[in-house]
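First up is the structure itself, then whatever we jot down about it.
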Amino acid sequence: MADIESQLALIKRGSDELLIEAELVEKLKSGRPLRIKAGFDPTAPDLHLGHTVLINKLRHFQDLGHHIMFLIGDFTGMIGDPTGKNTTRPPLSREQILENAQTYRQQVFKILDPEKTEVCFNSTLFEAMGAAGMIKLAALHTVARM
-16 MADIESQLAL IKRGSDELLI EAELVEKLKS GRPLRIKAGF DPTAPDLHLG
34 HTVLINKLRH FQDLGHHIMF LIGDFTGMIG DPTGKNTTRP PLSREQILEN
84 AQTYRQQVFK ILDPEKTEVC FNSTLFEAMG AAGMIKLAAL HTVARM
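-16 is the number of the first residue of the sequence shown in my numbering; add one for each residue after it.
Rendered as structure tokens:
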């Protein structure tokens, strides 16, 4: 693994804001690989150009020896997720989500190393959490921050 300053420089490259730099530095100093999670809602059959900004950043983390979790938002896709605009995204069927997820895998592995990437669905995380756990998690963040 590269020295801390080199890792931090690559992580910060192209980033607008690093919220917890001191905590990140401490984690990097531990020498243990980080586990980086990034979520993508399968609302369309293809990833778009805007996704590549984050996916390329994930590749930077992989190049530094860290593990990536590519999280597909099947749970949020099935309930219809707010877009941040005046409308909500329409709910998708399980079949649509799985179809879109398959193309996401094909596309994301053109950038990410499949050997260093774990692909999972957010439903597996939320199912174990239950309703009380989801409310507790939501209470940790303001609506404006989400």
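Here a beta-carbon is modelled for each residue, glycine too, at the ideal position from N, C-alpha and C.
When DSSP assignments are scanned along the region 5 to 73, the uninterrupted stretches of alpha helix (DSSP H) that are 4 or more residues long and fall wholly within it turn out to be 32 to 46, 57 to 62.
Three or more Cβ pairs closer than 8 Å define a contact, and the region 69 to 86 falls short of that threshold against the region 40 to 50. Here C103 really is in contact with L54; their C-beta atoms are around 6 Å apart, less than 8 Å. If you check the CB distance, I19 and I(-13) do not come in under 8 Å. Taking the Cα positions, S(-11) is about 10 Å away from K(-5). T100 sits in a strand when the DSSP states are folded into three classes. Contact check for G56 against D24 passes: the beta carbons are separated by less than 8 Å. Across the structure, A5 and L(-9) are spaced so that their CA atoms are roughly 11 Å apart. For E82, the enclosing alpha helix (DSSP H) has its first and last residue at 77 to 91. Distance from the CA of N83 to the CA of Q45, rounded to the nearest whole angstrom, comes to 24 Å.
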